[in-house]
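Structure, as structure tokens:
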Amino acid sequence: MQKKIPLTSEQLENLTRTYPTPFYLYDEAGIRRSARELLAAFEWNAGFREFFAVKALPNVSILQLLREGGLGADCSSLPELLLAEKAGITSERIMFTSNDTPAEEFQAARRLGAIINLDDIGHLPFLEKHTGLPPVISFRYNPGALKSGNAIIGNPVESKFGVTREQLFEGYRAAKAKGIRRFGIHTMVASNELHADYFAETARLLFETVRDLSRALDIRFEFANLGGGIGIPYRPQEKAVDLAAVSAGIRRAYDEIIAANGLHPLKIFMENGRLITGPHGYLVARVRHIKRTYKTFVGLDATMANLMRPGLYGAYHHITVPGKENTTERETVDVVGSLCENNDKFAIDRDLPRLSPGDLVVIHDAGAHGHAMGFNYNGKLRSAELLLRPDGSVKLIRRAETIEDYFATLVVDGD
941 MQKKIPLTSE QLENLTRTYP TPFYLYDEAG IRRSARELLA AFEWNAGFRE FFAVKALPNV
1001 SILQLLREGG LGADCSSLPE LLLAEKAGIT SERIMFTSND TPAEEFQAAR RLGAIINLDD
1061 IGHLPFLEKH TGLPPVISFR YNPGALKSGN AIIGNPVESK FGVTREQLFE GYRAAKAKGI
1121 RRFGIHTMVA SNELHADYFA ETARLLFETV RDLSRALDIR FEFANLGGGI GIPYRPQEKA
1181 VDLAAVSAGI RRAYDEIIAA NGLHPLKIFM ENGRLITGPH GYLVARVRHI KRTYKTFVGL
1241 DATMANLMRP GLYGAYHHIT VPGKENTTER ETVDVVGSLC ENNDKFAIDR DLPRLSPGDL
1301 VVIHDAGAHG HAMGFNYNGK LRSAELLLRP DGSVKLIRRA ETIEDYFATL VVDGD
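All residue numbers for the sequence shown refer to my numbering, where the first residue is 941 and numbers rise by one.
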């Protein structure tokens, strides 16, 4: 698929006169479209709900527009809960899935009326002690060797997340004994998965677990949260996940296991982040220097502190050069930042149009786990976030950090 930029090179240059590079630019129309497409794919399930993974893009303006589109929020920390609340997302529109959780975060989730999804059976008595028992209990299931993971999320057997099958029976039995009457279940075993069959297999595994728990413990499940993990085509030659195929596979498993065993209706929940915002975010940067030693290095004013994924995972992000899309002059280069770390690279041995200092570059598919994973190593300051509105206007939704911000938390003798 062709990677496109929602603004022309002239429009981008004009934008940089108000907002210096580097900055993140999000396409509101594209984000809204992705949300609609996911909801439409699961219209057959009356209770379907998408809880947007706040960790992917924790910005109130983004959460507000997703709330308007009918999405909830998947939160994993106190600040994420407060972001959801500030965006107008409360009550059971919030799914709180955390791990190694402090009491104050459970208390905040209870105050908001969120659905609490427990990562450990030991959290049930902890929750009871510190907040009282909520009306609905869900556990995060780690299927271990029954399911493979991938490079980002890891092998389920090695994962710190979730409980075993045996612990599920123990946990729900204990919850029932304590008077809980509403139940859900959750799993999350992949990240950035591009094969539609994977999600149908996961649904089948979780539905079979619902069936077995329901029979053994005489309880009824309200929802099964299949997690997120639907990937996006970072590389131009990759294809987007066929949501119709994902939905059809899950529906077959639902009919064969849930409906056939009298467990209908069961609400299906998901918590995608990358699928919704990932393709619609762009890191816009400018070339500072071209260095030629053993290789050619294109140095940007952005660094790994702005976009960690290539340095952390070796992840691919497509790069385009506005205004040079049709040039025949090309060069193989490493695209790098200015951190004192050699893995501060956005691309290695990438074939790009021949670049010059001052050229703009756009790094694609940065709308999830981009700005959110930023950091301040070497004193680098986090960049601004901009929202491209459907009418073509651009709105600042997070200002760039300043030197004053960087020093604000320091306690200096004599001040």
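Glycine included, each C-beta is placed from N, C-alpha and C at the ideal position.
Query, Result
"Alpha carbon of residue 1107 to alpha carbon of residue 1348, nearest angstrom", "46 Å"
"For residue 1275 and residue 1074, the rounded distance between their alpha carbons", "50 Å"
"Other residues of its chain near residue 1024: CB distance less than 6 Å, five sequence neighbours each side excluded", "1013, 1015 and 1034"
"Simplified DSSP state of residue 1129, which is helix, strand or coil", "coil"
"Outcome for residue 1332 when other beta-carbon atoms lying within 10 angstroms are tallied against a minimum of 16", "exposed"
"First and last residue of the uninterrupted alpha helix (DSSP H) at residue 1031", "Premise fails: residue 1031 is in no alpha helix (DSSP H) and is neither H nor E."
"Separation of residue 985 from residue 1138, as counted between CA atoms", "19 Å"
"Euclidean distance between Cα positions of residue 1092 and residue 1127", "Bear in mind that the predicted position of residue 1092 carries a pLDDT of just 49, short of 50, making it unreliable; the figure below should be weighed with that in mind. The straight-line gap from Cα to Cα measures roughly 16 Å."
"N- and C-terminal bounds of the alpha helix (DSSP H) containing residue 1043", "1043-1052"
"Of the residues 1313, 1222 and 1037, the one placed nearest residue 1166, counting alpha carbons only", "1037"
"Residue 1029 and residue 1007 closer than 8 Å at C-beta", "yes"
"Local Cβ density within 10 Å of residue 954, reported as buried at 16 or more and exposed below that", "exposed"
"C-alpha distance - residue 945 paired with residue 1102, whole-angstrom precision", "39 Å"
"DSSP three-state assignment for residue 1335, whether helix, strand or coil", "strand"
"Stretch pair the segment 974-982 + the segment 1250-1264: three plus CB contacts closer than 8 Å", "no"
"Collapsed DSSP secondary structure at residue 1219 in the structure displayed", "helix"
"Under the three-state DSSP convention, the category residue 1092 falls into", "Because residue 1092 sits at a pLDDT of 49, beneath the cut-off of 50, its placement in the model cannot be relied upon, and the point is left open."
"Exposure label - residue 1202; buried when at least 16 CB within 10 Å", "exposed"
"According to DSSP, residues forming a beta bridge with residue 1260", "1302"
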